[in-house]
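Worksheet for the structure shown next.
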Amino acid sequence: MKISGALLLVTALFSVSSNAAIHKMTLKKVPETPSQKMSRYSQTGEYLTQKYFGNSRYMQEANQNFRPGEVEHGVPLSNYMNAQYFGEVSLGNPPQTFSVIFDTGSSNFWVPSTHCTSIACFLHRRYDSNQSKTFKPNGTEFAIRYGTGSLEGIISNDILTVGDITVKNQDFGESVKEPGLTFAFGRFDGIFGLGYDTISVKGVVPPFYHMVNQRLIDEPIFSFWLSDADKDNSVGGELVFGGADESHFTGNIHWAPIRRKGYWEIELEKVVFDGEDVEMEDTGAAIDTGTSLLAVPTVIADLINKQIGAKKNFAGQYIIDCEKVPSLPDFSLQFNGKLFTLTGSEYILKGSG
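Per the UniProt record's numbering, the sequence shown starts with residue 1, numbered consecutively.
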């Protein structure tokens, strides 16, 4: 598979077959400055730790299910700082529109509520149940902790529209408390979880499950094409429900079995750097559209930084002279027998200062 200047991710919830059509949603992009990138990326370690290990109960539920593993509907996505790829969905009748991050690293769908008095809510569009003819109250309280923030709210039910797909009786979260400024500065209103139901808070059925169960898509597949916001491209990417858009790649899609039904986690078999192989034993890799960096075990990161001559700065970040980047060795990850290779310019973040 050859992909130019982009990332293609295809995931299947159940069994799959070929020869399906597609439903597309276009993604937008908002580039960021080097200083903005460095500021955001400095918190990545804490973000990933909280996101994947902050809620052990839901991970235990996912571990219990441990195992290896004709119309497509597209949704336009916007790319915010090469980290937040978001698109628009709507709730209710008449429809209320929201920008949401389509996140494979979580399973709940939520938007701000008119009952919310947090600063973050006032800076974004809010769902008003009184304005929807199809709203159904639930009232169950919930709390979700994400890598860079947490929120509290109540569960409600309404019609959900994603691209040209209309999902009936979708439970979702109305956030009533969004502490801190984490969500205030986001270009998105809410989060649209695409993970497995085993990690869904309060057992809420994720929207993609409803799409499959209500027979709104012909194949239990969704796929992402993510573009590079640093390049002159008016389209941030594309999310497709029901298949994959073959115009964004050549060759065949390479499939990898899921290790456990929680996050979209696959087996990381090997890491190759500068011709040196590092075999990985019982190591999973989460394919997460809500995370903008590639995270590897500390021992691997230390090995790479040592070999390229990177030095740690006062903030704990490794830095290297930009002039050395073109001559850096390739970095490869192996999934299900296939190596995926990154060049120096693809695994080094260009900053300033």
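Quick reminder that beta carbons are idealized off the backbone N, C-alpha and C, glycines included.
Residue i: which of the options sits nearest, CA to CA?
i	options	result
residue 191	23, 85, 314 and 251	85
residue 347	112, 333 and 124	333
residue 141	202, 260 and 301	202
residue 104	98, 165, 194 and 152	194
residue 262	206, 187 and 252	206
residue 187	287, 24, 312 and 88	88
residue 129	300, 247, 235 and 175	175
residue 273	244, 301 and 208	301
residue 165	153, 131, 208 and 179	208
residue 335	256, 314, 328 and 299	256
residue 102	267, 275 and 292	292
residue 269	246, 316 and 296	296
residue 290	316, 108 and 97	108
residue 200	235, 117, 155 and 259	155
residue 259	235, 246 and 284	284
residue 294	271, 312 and 313	271
Would you mind giving the Cβ-Cβ distance between residue i and residue j, rounded to the nearest angstrom? I have them listed as a contact below 8 Å.
i	j	result
residue 237	residue 227	5 Å
residue 112	residue 171	At roughly 17 Å, the Cβ-Cβ gap does not stay under 8 Å, so residue 112 and residue 171 are not in contact.
residue 177	residue 151	6 Å
residue 242	residue 219	5 Å
residue 23	residue 159	So it is not a contact: roughly 17 Å between Cβ atoms.
Looking only at its own chain, which residues have a Cβ that is under 6 Å from the Cβ of residue i, when we skip the five neighbours before and after it?
i	result
residue 338	254
residue 115	176
residue 99	86, 88, 188 and 189
residue 341	330 and 332
residue 288	104 and 105
residue 196	261 and 262
residue 179	none
residue 184	119, 120 and 123
Whose C-beta lies closer than 8 Å to the C-beta of residue i among residues of the same chain, with five residues either side of it excluded?
i	result
residue 157	135, 136, 137, 138, 169, 170, 171 and 172
residue 181	119 and 120
residue 161	89, 90, 91, 95 and 167
residue 110	144, 151, 153, 172, 173, 174, 175, 190 and 191
residue 57	Unreliable placement is indicated for residue 57, whose pLDDT of 43 sits below 50; no coordinate value is reported for it.
residue 326	344 and 345
residue 299	none
residue 275	329
residue 97	88, 89, 90 and 125
Any idea what DSSP makes of residue i, helix, strand or coil?
i	result
residue 104	coil
residue 250	strand
residue 302	helix
residue 158	strand
residue 347	helix
residue 330	coil
residue 308	helix
residue 336	coil
residue 202	helix
residue 112	strand
residue 207	helix
residue 197	helix
residue 131	helix
residue 184	coil
residue 174	strand
residue 287	coil
residue 235	coil
residue 138	strand
residue 296	coil
residue 219	coil
residue 152	strand
residue 273	strand
residue 213	helix
residue 256	coil
residue 224	strand
residue 88	strand
residue 315	coil
residue 120	helix
residue 281	coil
Kindly list the residues whose CB is nearer than 7 Å to the CB of residue i, restricted to its own chain and excluding five residues on each side of it in sequence; keep chain order.
i	result
residue 286	52, 105, 263, 264 and 265
residue 310	318, 319 and 320
residue 214	167 and 168
residue 210	167 and 170
residue 93	132, 133, 134 and 159
residue 204	108, 155 and 171
residue 312	318
For the pair the stretch 276 to 288 and the stretch 310 to 326, tell me if three or more CB-CB distances fall below 8 Å. Cβ pair count under 8 Å is below three, so no.
Taking one C-beta from the stretch 121 to 128 and one from the stretch 295 to 315 each time, how about it: are there three or more such pairs within less than 8 Å? Contact annotation: the stretch 121 to 128 does not touch the stretch 295 to 315, with fewer than three C-beta pairs closer than 8 Å.
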